[in-house]
Every structure is written in C-alpha cells, then in structure tokens.
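If you read the sequence shown in the working numbering, its first letter stands for residue 2, the second for the next number, and so on. Idealized CB from N, CA, C, for every residue including glycine. Only one structure is covered here, and it is reproduced in the block below.
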Amino acid sequence: MMTKQTVLKTRNCLPDYFWRAYASFVVDNTMAVIVAVDMNGRITLFNRQAELVFKKKSEEVVGKTLKSVFPQLGGHEHYLLSALQCGRGMTEVENNYCPYTGREGVFVHSVALVRSPAGEISGAIWMRRDHTKSRRLQNEINSAEVQAIVSQIAAGTAHEIRNPLTTIKGYIQLANQKAEQDVSAYLQMALEGIKEVENIISDLLTLFHPKAEGLQLISINALLLELLQLVQHAGTLANIVIRTILDKDAPLCLADAKLIKYALLNILRNAMEAMPDGGCLTVKTVYQRESNTVTISVCDTGIGIRQEDLSRIFRPFFTTKKDGSGLGLTLSNRILQHHNGYIVVDSTCGEGSSVHLHLPVTHSPQPRQICHLFEGKTSQRSKY
Numbered sequence: 002m003m004t005k006q007t008v009l010k011t012r013n014c015l016p017d018y019f020w021r022a023y024a025s026f027v028v029d030n031t032m033a034v035i036v037a038v039d040m041n042g043r044i045t046l047f048n049r050q051a052e053l054v055f056k057k058k059s060e061e062v063v064g065k066t067l068k069s070v071f072p073q074l075g076g077h078e079h080y081l082l083s084a085l086q087c088g089r090g091m092t093e094v095e096n097n098y099c100p101y102t103g104r105e106g107v108f109v110h111s112v113a114l115v116r117s118p119a120g121e122i123s124g125a126i127w128m129r130r131d132h133t134k135s136r137r138l139q140n141e142i143n144s145a146e147v148q149a150i151v152s153q154i155a156a157g158t159a160h161e162i163r164n165p166l167t168t169i170k171g172y173i174q175l176a177n178q179k180a181e182q183d184v185s186a187y188l189q190m191a192l193e194g195i196k197e198v199e200n201i202i203s204d205l206l207t208l209f210h211p212k213a214e215g216l217q218l219i220s221i222n223a224l225l226l227e228l229l230q231l232v233q234h235a236g237t238l239a240n241i242v243i244r245t246i247l248d249k250d251a252p253l254c255l256a257d258a259k260l261i262k263y264a265l266l267n268i269l270r271n272a273m274e275a276m277p278d279g280g281c282l283t284v285k286t287v288y289q290r291e292s293n294t295v296t297i298s299v300c301d302t303g304i305g306i307r308q309e310d311l312s313r314i315f316r317p318f319f320t321t322k323k324d325g326s327g328l329g330l331t332l333s334n335r336i337l338q339h340h341n342g343y344i345v346v347d348s349t350c351g352e353g354s355s356v357h358l359h360l361p362v363t364h365s366p367q368p369r370q371i372c373h374l375f376e377g378k379t380s381q382r383s384k385y
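Spelled out as structure tokens, the structure:
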C-alpha cells in the first residue's frame with residue numbers, strides 16, 4: 002500500500018512540468034465546468050467543458066477580466082467574484098436552469114479559494130457539475146421502489162375490499178328480487194354503485210399486475226374497427242365524425258387482445274370526451290419498418306391538454322375530469338409497457354391531442370392504406 006510519504010517522495014522525483022501536464026489533462030477531461038480567476042478577477046483557467054458551455058475558446062478569455070468576458074454577469078460566473086469579495090468559498094449550491102444554454106436540469110455549483118504557500122488568498126476556482134442524468138436516474142429508482150410498495154398495498158387492499166363487496170352485492174340482489182318497485186329502484190342504484198367500485202378495483206389490479214396471459218396473433222386493424230363500432234353511436238350523438246386511415250397489410254401483433262382492447266378503448270373514450278361540442282376523431286395505423294412496430298394514432302380536435310399537465314397524465318389518479326378516476330391513461334400506458342411498447346402524447350390547448358401507441362409486431366408486410374369515414378350510420382370506403 003502506498004503511504005502519503007511514498008506519494009510525496011514519488012512526486013518529488015518527477016519534474017514539475019509532468020504534474021502540470023497531468024493536472025491540465027485531468028481538468029480538461031472532467032465533465033465539470035471549471036473556471037479560475039486571480040485576485041483581480043482575471044481568468045487564469047478555462048477548461049474544455051467551459052468552452053462547450055460558454056461557446057468561447059480558452060485562448061480568447063484567459064488573461065481577460067471576468068467582467069469583460071461576461072459584461073452582464075447575469076449567470077453563475079458571479080459566484081467567483083462573490084467568493085473573492087467575501088473571502089470565503091461556497092459549497093454545493095444547486096439550481097435548475099443554465100442561462101448560457103437555456104437548458105433546464107440539475108446543476109451544482111461550488112467555489113474554492115486558491116491560497117499561496119503563505120496562506121494568502123490568490124484567486125478562486127468555480128466548478129459547475131451537471132447532475133441532471135444522475136438525478137433523473139435516482140428519481141426513477143425511487144419511483145420504482147415506491148411503485149413496488151404501492152403495488153403491494155393496492156393489490157392487497159383491492160382484494161380485501163372485493164371480498165365484503167361481493168357479500169353485500171349478493172344480499173342486495175336477493176333483496177332486489179323481493180322488494181317493492183320503489184325500494185327496488187334504490188337497490189338498483191346501490192348495485193350500480195357497487196359495480197363502479199368493482200370496476201375501480203379491477204382497474205387497480207390491472208394497473209399493478211397487467212398479466213398478458215392470452216397472447217395470440219391479433220390484427221390491430223380488425224380490433225380497432227370492432228371498438229369503433231362500439232363507440233360509433235356515442236360519436237353520432239356527440240356530433241363527432243370518426244375517420245380511420247388503416248395500413249391494410251399491417252402485420253399481426255403478438256398481444257393479449259383483451260388488454261389491448263382495454264387500452265385502446267380508454268384512449269378512444271378520452272378523445273371523444275375531449276370534444277364536448279363535437280369534432281373529428283381520426284384513428285390511424287402505420288407500420289414502422291425501422292422499429293418493426295405498428296403505430297396506432299388517435300387524434301382529436303378537442304380542448305387539448307395544458308403543457309404543465311402533459312408530464313403528469315400517466316400518473317395514477319391524476320385527472321382533469323370532474324368525474325374521472327385518473328386511471329385510464331395510466332392503465333393504457335402500463336399495458337403497452339407490458340407488451341414492450343410505449344405511448345407518446347402530443348397536445349395543444351384549444352386544438353386537440355394526438356395519442357400514439359407503439360406496439361411491437363412479428364413480421365414485415367408490404368403496407369397499403371385504406372380510409373374509412375364513419376359519419377352517423379353511414380360509412381364510405383376509399384383506397385389511396
């Protein structure tokens with residue numbers, strides 16, 4: 002093992018230019034921004050990462066004052082001058098915005114004072130580290146751990162609620178058979194309420210344990226047309242025109258038809274509910290050869306989603322609807338993930354939303370498109 006004395010002895014045996022070259026190599030190849038100034042505020046060090054962030058070359062700024070290089074001092078470079086003026090360093094100051102690149106993230110700043118052999122302050126070094134990726138990874142790990150715990154709690158709670166609910170439902174059904182008409186109406190309302198609770202419990206169980214057990218080769222186009230028949234009447238009543246553009250020869254997908262139906266029906270209903278004054282619902286399938294996936298796009302001309310809500314729409318129980326459970330999109334996303342797929346949502350307030358579901362397939366066809374137009378009870382088909 003090398004002791005401190007051994008290291009010092011080794012260092013003394015090597016020329017100073019070696020250590021200067023070594024230090025320069027380390028500073029230039031670190032991922033942190035490093036800028037140093039002397040007591041007059043003149044830049045003495047400007048590493049490669051600083052060049053990338055500030056878009057200035059080291060040879061252009063070294064020897065110049067900090068104020069001449071950054072006249073406004075509107076960014077984080079003022080940390081250096083503050084440290085010199087106060088006579089003390091700064092440790093671990095964090096902010097979430099880089100004014101030089103306009104990028105949001107997690108940036109950690111620190112300033113250390115440089116002292117002469119006599120102990121006098123001769124300058125300061127500012128270091129800025131980008132922790133965005135590591136913080137995101139840590140958040141994902143924390144989120145996964147929390148979700149695993151919540152999953153166990155939710156699944157256990159759902160089972161515990163379902164058992165007494167089944168008993169209550171049975172007794173109400175018996176009472177409903179023998180009750181008078183007025184009482185029967187109330188009992189029927191109670192049964193409908195129980196059914197809603199059962200649906201939420203089923204959603205919770207599907208959310209945390211989406212078992213794709215019935216895997217089979219399915220036609221996404223056929224499945225979509227089947228679902229559109231279910232929602233067509235509601236669309237007519239809401240003055241919504243349903244238009245489909247289907248990739249006719251899109252390949253079959255290995256998937257659980259029941260779960261995929263569930264996911265798509267949630268998306269379709271959300272799109273229709275986003276158009277209370279009517280509009281156009283476009284459903285499209287496209288085979289993506291590069292990724293070997295079928296992309297299902299559901300586009301509406303509805304109210305849209307606020308930008309601040311877009312990052313939260315897949316969170317359990319998040320909803321902007323008055324009577325929504327906040328589980329629909331979460332479930333759809335989980336189901337797609339369970340099939341090794343994913344969902345992308347684009348939206349503009351006042352213009353509408355587009356939900357793109359990407360589902361893996363099994364073989365490559367020669368695609369051709371067909372167009373369907375559902376409007377009321379009539380339909381037209383044209384090829385192009």
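Per DSSP, Ser220 lies in no beta strand (DSSP E) and is assigned neither H nor E. Bounds of the alpha helix (DSSP H) holding Arg49 are 49-55.
Taking Ser220 as reference, the option from Ala239, Gln189, Glu193, Cys254 with the minimal CA-CA separation is Cys254.
Per DSSP, reduced to three states, the secondary structure at Arg335 is helical. For the pair Met276 and Ala235, the Cα-to-Cα distance works out to about 12 Å.
Sorting Ile314, Thr320, Asn267, Thr286 by C-alpha distance to the C-alpha of Arg244 places Thr286 at the top.
Where Lys322 is concerned, there is no enclosing beta strand (DSSP E), because DSSP gives it neither an H nor an E.
In the DSSP annotation of this structure, the continuous segment of the alpha helix (DSSP H) that includes Leu311 starts and ends at 308-311. Within the model, the alpha-carbon separation for Leu81 versus Ala51 is close to 14 Å. Boundaries of the beta strand (DSSP E) around Arg244: 241-248. Taking all protein chains shown into account, Leu67 has 16 or more neighbouring C-beta atoms within 10 Å of its C-beta and is therefore buried. With 16 or more other Cβ atoms from the protein chains shown falling within 10 Å of its own Cβ, Ile297 counts as buried. Among the bridge pairs identified by DSSP, Leu229 is matched with none.
Boundaries for Ser117: no alpha helix (DSSP H) harbours it, and the DSSP string shows neither H nor E there.
Sixteen is the threshold: since fewer than 16 other Cβ atoms of the shown chains lie within 10 Å of the Cβ of Phe318, the residue is exposed.
Bounds of the alpha helix (DSSP H) holding Glu60 are 59-62. Three or more beta-carbon pairs separated by less than 8 Å link the region 110-120 to the region 81-90, which places the two stretches in contact.
Gly280 and Ala258 have their alpha carbons spaced roughly 29 Å apart.
According to the DSSP assignment, Ile261 belongs to the alpha helix (DSSP H) that extends over 258-274. In the three-state reduction of the DSSP assignment, Asn140 falls in the helix class.
For Lys285, the uninterrupted beta strand (DSSP E) segment begins and ends at 280-289.
For the pair Glu309 and Met128, the Cα-to-Cα distance works out to about 32 Å. Nearest C-alpha to His132 among Asn200, Ile195, Val34: Val34.
In this structure, the alpha-carbon of Ile306 lies about 11 Å from that of Thr320. With respect to the C-alpha of Val345, the residue from Leu311, His339, Gly329 having the closest C-alpha is Leu311. Gly124 is bridged by DSSP to Asp39, Val115.
Looking at the backbone, the Cα of Leu175 and that of Glu193 are separated by about 15 Å.
Secondary-structure assignment with DSSP links Pro361 through a beta bridge to Thr294. Ser348 has Ser354 as its beta-bridge partners, per DSSP. If you compare the alpha carbons of Arg116, Ile122, Leu166, Glu105 with that of Arg136, the shortest gap goes to Glu105.
Leaving aside the five residues that flank Ser59 on each side, the residues in its chain whose CB is nearer than 7 Å to its CB run, in chain order, Phe47, Glu52.
Among the bridge pairs identified by DSSP, His110 is matched with Val94, Arg129. Comparing alpha-carbon positions, the option among Glu274, Ala119, Leu188 lying closest to Ala239 turns out to be Glu274. In the structure shown, Ile195 falls within a helical segment according to DSSP collapsed to helix, strand and coil.
Per the DSSP secondary-structure output, Tyr343 pairs in a beta bridge with His359.
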